[in-house]
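Peer 1:
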Amino acid sequence: MSARAGSPDFPGILRDSGLVALVALFLAFPLVGFHTIDQGGGAGMGIETRFPWVVVAVAAAFVGRFLQLALLRTHAPVAVERSLSRLGEVFQRNTVWIAAAAITFAIVLPMLPFADRRLVDLATLVLTYVMLGWGLNIVVGLAGLLDLGYVAFYAVGAYSFALFALHFDFTFWMALPIAGLFAAAFGVLLGFPVLRLRGDYLAIVTLGFGEIIRIILLNWYPVTRGPNGISDIPRPSFFGLEFTRRPAEGEVAFHEFFGLEYSGLHRIVFLYYLILALALITNLFTLRIRRLPIGRAWEALREDEIACRTLGINPTNTKLSAFAIGAMFGGFAGSFFAARQGFVSPESFTFVESALILAVVVLGGMGSQVGVVIAAIILVGLPEWFRDLQEYRMLVFGGAMVAIMVWRPRGLIAHRDPTVRLGVPQRPEPSA
Amino acid sequence: MLTVRGVHTFYGNIEALRGVDLDVAAGEIVSLIGANGAGKSTLLMTICGNPRAARGTISFEGEDITHEETYRIVRRGIAQAPEGRRIFPHMTVIENLQLGALVAPEEHFEDDLRRVFELFPRLRERQTQRGGTLSGGEQQMLAIGRALMSRPRLLLLDEPSLGLAPLVVRQIYDVVREINEQQHVTIFLVEQNAFNALRLAHRGYVMVTGRITMTGTGRELLTNREVRAAYLEGGQPTVRVGG
Ligand SMILES: Nc1ncnc2c1ncn2[C@@H]1O[C@H](COP(=O)(O)OP(=O)(O)OP(=O)(O)O)[C@@H](O)[C@H]1O
Ligand SMILES: [Mg+2]
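Protein sequence lines correspond, in order, to chains L and A.
Per our numbering, the first sequence starts with residue 1046, numbered consecutively.
Per our numbering, the second sequence starts with residue 8, numbered consecutively.
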């Protein structure tokens, strides 16, 4: 039918595949070709060569590219792309229903028959990243400020709770607002020096900021206990009811109060609901603030800073508030993290975390709340679920990233929801 | 209302404004014409404090605003529909208008919105469309509408007729006159399209390479031989006007 359906240009395809194979060779030779092994017996590290695997990798790249060009180019991608974008449209039109269904599902999840400890734990982890994604989304998605150091605020939140618990016996609930406040203060601290920066430069400075915080945590031994971290962080209670088998003198445990058999699952489920509530608060807050002047100003700032100035928007305050509020939610999530683990150390707050959170936001589709959830499930949930597959799960992770970039270069849900559906209601004229 | 005295503006080493003197009285429509690169847009932006005047003073309603922050200047009641329109492309028409209204008291929003829609019925039809997908003329209407939403007393317009069909240009100019006459907004207009701009204006200025070289009523400038040669009859603006 169409001109493109004709026979493919084989010499061209071969050349292209050869080129891809060459790139694969360059990558695979050092990465796959050599493998460090522990020689045991105090002999230290040795190097093993794995050249056959290099050949396999190069061949796979060649064949894969060849098949992609010969088969997919001519038929599939258009169809795939179209069905994906149609899926996206269906999503947009039914956002409210999908969101309601997703929230309902999230609420009943721990009660479902197949919800074992592992699944609830995993869901808690995914929700932590959903919350972080939504928090970072305020900075990156709404205000358009590329922040590569978001994990710093997560760390500030976690350590705030840990330190206040250690020195002043603060409970989770007392520390939560403080953690948010501290993180917000650090957000402003980061915001000031980067007010004039945009894009690449902003990204570099924020990345440095994230590292600085981690290195301080690592080296300020008297306060943070350095690499040893802080342990014995109190677990959050349910309105004062502890989740312990044998509560301390004069206290009542959760299972005693409700007359239940003690179960370790209670705490797990409680933590799950806790992060679900925190995440939903983040989401509601974002939805609400987008309709307020400050939220509008954030989005406008992302689009055109000069236009913003000529509309009377104060760019300094606008940026600082975006940093502060985004950081605040990172801080909340951080103190949840500390409460859940019962232990914090600088190791949990490396750049990889920032990158993962950013990937959740960007791949989800900048500014899309639903996209963040889907991306968190794909990028955090799946690799964790397939942990048994060990390093192959990273292959899946990489594959998922590439697939998204190829088919949804602007993110899974690349669509900005207008904050106003119909400003001045336009009633359909009654046909007389 | 607006007084500009001896203003010099630099972009690095380039002196874009070389001592500009200019007045706009309340209730007037004043047009500024000049060739490409004369510094017209620079003057409008300098009035808003971005870039800042290196020398000279700018005052608005008797108060010196030369060194004020852009957003504060705007909150005093100066709105600008800047060069290139600069509407927010991913936001809908209504959201663009809301952003214009950020500095205005909230209780006026509904009325102001209705007024803008009366001026530009096209915008009402397209209120949920994204700014970036509007036609050039519609974008210009939106830029003006957005500026009006802040309830300015002085409206700065940078080449509102750029790239528009003659009919749309007429429409926009009619609206500008209406805004001036009925809403008593003072208007300072920058144009390449000298004929329309001078016909509309009470007074006009001619700018050549960063200096004001001529001034007079709109009619005077329209009939001036040098202006006609330089800006109205396709002549080269190399004729030394005013000298
Ligand atoms: N951001 C900038 N950096 C450096 N030079 C600039 C900048 N903006 C403008 N200029 C220079 O300043 C001079 C005046 O520019 P301006 O935009 O004010 O001209 P204009 O009269 O508005 O022209 P046009 O009618 O083409 O819009 C030009 O020579 C231009 O190259
Ligand atoms: Mg210009």
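Virtual Cβ for every residue (Gly too), placed ideally from N, Cα, C.
In this text, all values refer to a predicted model and were calculated from it rather than measured experimentally.
Compare the C-beta of A:Tyr-18 against all C-beta atoms of chain L and say whether one is closer than 8 Å.
Peer 2: No, its Cβ sits nowhere closer than 8 Å to a Cβ of chain L.
Peer 1: Name the two residues that bound the continuous alpha helix (DSSP H) containing A:Gln-87.
Peer 2: Not the alpha helix (DSSP H): A:Gln-87 falls in the beta strand (DSSP E), residues 85-88.
Peer 1: Going by the C-beta, is A:Gln-199 closer than 7 Å to any heavy atom of ligand 4?
Peer 2: Ligand 4 is not part of this structure, which contains only ligand 1 and ligand 2.
Peer 1: Mind listing the chain A neighbours of L:Arg-1341? Cutoff is C-beta to C-beta under 8 Å, in chain order.
Peer 2: Glu-102, Gln-105, Leu-106, Leu-109, listed in chain order.
Peer 1: List, from N- to C-terminal side, the alpha helix (DSSP H) runs of 4 residues or more that fit wholly inside the region 1366-1419 of chain L.
Peer 2: Listed in chain order, the complete alpha helix (DSSP H) runs (minimum 4 residues) inside the region 1366-1419 of chain L are 1396-1409.
Peer 1: Between L:Ser-1380 and A:Leu-155, what straight-line distance do the alpha-carbon atoms span, to the nearest angstrom?
Peer 2: Rounded to the nearest angstrom, the two C-alpha atoms are 46 Å apart.
Peer 1: Report yes or no: is there a C-beta of chain L within less than 8 Å of the C-beta of A:Ala-99?
Peer 2: Note that residue 99 of chain A corresponds to Thr in the displayed sequence, not to Ala. It does; some Cβ of chain L falls within 8 Å.
Peer 1: If the cut is a Cβ gap below 9 Å, which residues of chain L does A:Pro-89 touch?
Peer 2: The contacting residues are Ile-1351, Ala-1352, Thr-1355.
Peer 1: Going along chain L, which residues have a C-beta under 7 Å from A:Pro-96?
Peer 2: The answer, in chain order, is Glu-1348.
Peer 1: Measuring only from the beta carbon, is A:Tyr-212 closer than 7 Å to any heavy atom that is part of ligand 1?
Peer 2: Not under cutoff, so the answer is no.
Peer 1: Please tell me whether A:Gln-243 has its Cβ less than 8 Å away from any Cβ of chain L.
Peer 2: In this prediction, A:Gln-243 has a pLDDT of 44, which is less than 50 and means its spatial position is unreliable; nothing more can be read from the coordinates.
Peer 1: Between A:Arg-12 and chain L, is there a C-beta pair that is closer than 8 Å?
Peer 2: No, its Cβ sits nowhere closer than 8 Å to a Cβ of chain L.
Peer 1: Is the Cβ-Cβ distance between L:Leu-1262 and L:Val-1250 less than 8 Å?
Peer 2: No, the Cβ-Cβ distance between L:Leu-1262 and L:Val-1250 is not below 8 Å.
Peer 1: Please name the residue in A:Thr-10, A:Gly-19, A:Leu-120 whose C-alpha comes closest to that of A:Glu-70.
Peer 2: That would be A:Thr-10, whose Cα lies nearest to the Cα of A:Glu-70.
Peer 1: In whole angstroms, give me the CA-to-CA distance for L:Arg-1280 and L:Leu-1226.
Peer 2: When rounded, the distance between both Cα atoms is 20 Å.
Peer 1: In the structure shown, what three-state DSSP assignment does A:Arg-25 receive?
Peer 2: Strand at A:Arg-25.
Peer 1: Rounded to whole angstroms, what's the CA-CA distance from L:Val-1405 to A:Ala-172? Just pull it up for me.
Peer 2: Cα to Cα, L:Val-1405 sits roughly 46 Å from A:Ala-172.
Peer 1: Would L:Trp-1265 be called buried (16 or more neighbouring beta carbons within 10 Å of its own) or exposed?
Peer 2: L:Trp-1265 comes out exposed.
Peer 1: Under a Cβ-count criterion, where at least 16 other Cβ atoms within 10 Å of its own Cβ denotes burial, should L:Leu-1218 be classed as buried or exposed?
Peer 2: It is worth fixing the name first, because residue 1218 of chain L is Trp in this sequence and not Leu. The residue is exposed, with fewer than 16 neighbouring Cβ atoms inside 10 Å.
Peer 1: Would L:Asn-1359 pass as an interface residue toward chain A - the criterion being a Cβ-Cβ separation below 8 Å?
Peer 2: Yes, L:Asn-1359 counts as interfacial toward chain A.
Peer 1: Are the beta-carbon atoms of A:Val-192 and A:Pro-159 separated by less than 8 Å?
Peer 2: Cβ atoms of A:Val-192 and A:Pro-159: closer than 8 Å.
Peer 1: With the cut-off set at 8 Å, would you say L:Leu-987 and L:Gly-1194 are in Cβ contact?
Peer 2: Residue 987 of chain L is absent from the structure shown; chain L starts at 1046 and stops at 1477.
Peer 1: In whole angstroms, what separates the C-alpha of L:Asp-1061 from that of L:Lys-1364?
Peer 2: Distance between the alpha carbons of L:Asp-1061 and L:Lys-1364: 45 Å.
Peer 1: Which residue comes first and which comes last in the beta strand (DSSP E) that contains A:Leu-161?
Peer 2: Looking at the DSSP string, the run of the beta strand (DSSP E) that includes A:Leu-161 is 161-165.
Peer 1: For L:Leu-1059, tell me which candidate among L:Phe-1071, L:Gly-1091, L:Arg-1095, L:Gln-1113 has the shortest Cα-Cα distance.
Peer 2: Ranking L:Phe-1071, L:Gly-1091, L:Arg-1095, L:Gln-1113 by Cα distance to L:Leu-1059 puts L:Gln-1113 first.
Peer 1: With a threshold of 8 Å between beta carbons, is A:Val-81 in contact with chain B?
Peer 2: This model lacks chain B altogether, as its protein chains are L and A.
Peer 1: Report the residue from L:Ile-1449, L:Pro-1428, L:Met-1450 whose alpha carbon sits nearest the alpha carbon of L:Leu-1440.
Peer 2: For L:Leu-1440, the nearest C-alpha among the options comes from L:Pro-1428.
Peer 1: Please confirm whether A:Thr-222 has its beta-carbon closer than 8 Å to some beta-carbon of chain L.
Peer 2: No, A:Thr-222 lies away from the interface with chain L (no Cβ there is under 8 Å from its Cβ).
Peer 1: Rounded to whole angstroms, what is the Cα-Cα separation between L:Val-1077 and L:Ile-1422?
Peer 2: The alpha-carbon atoms of L:Val-1077 and L:Ile-1422 are separated by roughly 29 Å.
Peer 1: Specify, as a first and last residue, the run of the beta strand (DSSP E) that A:Leu-9 falls within.
Peer 2: Here the beta strand (DSSP E) through A:Leu-9 covers 9-18.
Peer 1: DSSP three-state label for L:Phe-1227, please.
Peer 2: Correct three-state label for L:Phe-1227: helix.
Peer 1: Could you have a look at A:Asp-71 and say whether DSSP puts it in helix, strand or coil?
Peer 2: A:Asp-71: strand per DSSP, three-state reduction.
Peer 1: Could you tell me whether the Cβ atoms of L:Pro-1391 and L:Pro-1272 are closer together than 8 Å?
Peer 2: Result yes, Cβ atoms of L:Pro-1391 and L:Pro-1272 sit closer than 8 Å.
Peer 1: Counting only Cβ pairs nearer than 7 Å, list the residues of chain L close to A:Ser-5.
Peer 2: Coverage of chain A is limited to positions 8 through 250, which leaves residue 5 of chain A absent and any answer about it impossible.
Peer 1: Check whether the Cβ atoms of L:Leu-1234 and A:Ser-157 lie closer than 8 Å to each other.
Peer 2: No, the pair does not count as a contact, with Cβ atoms beyond the cut-off.
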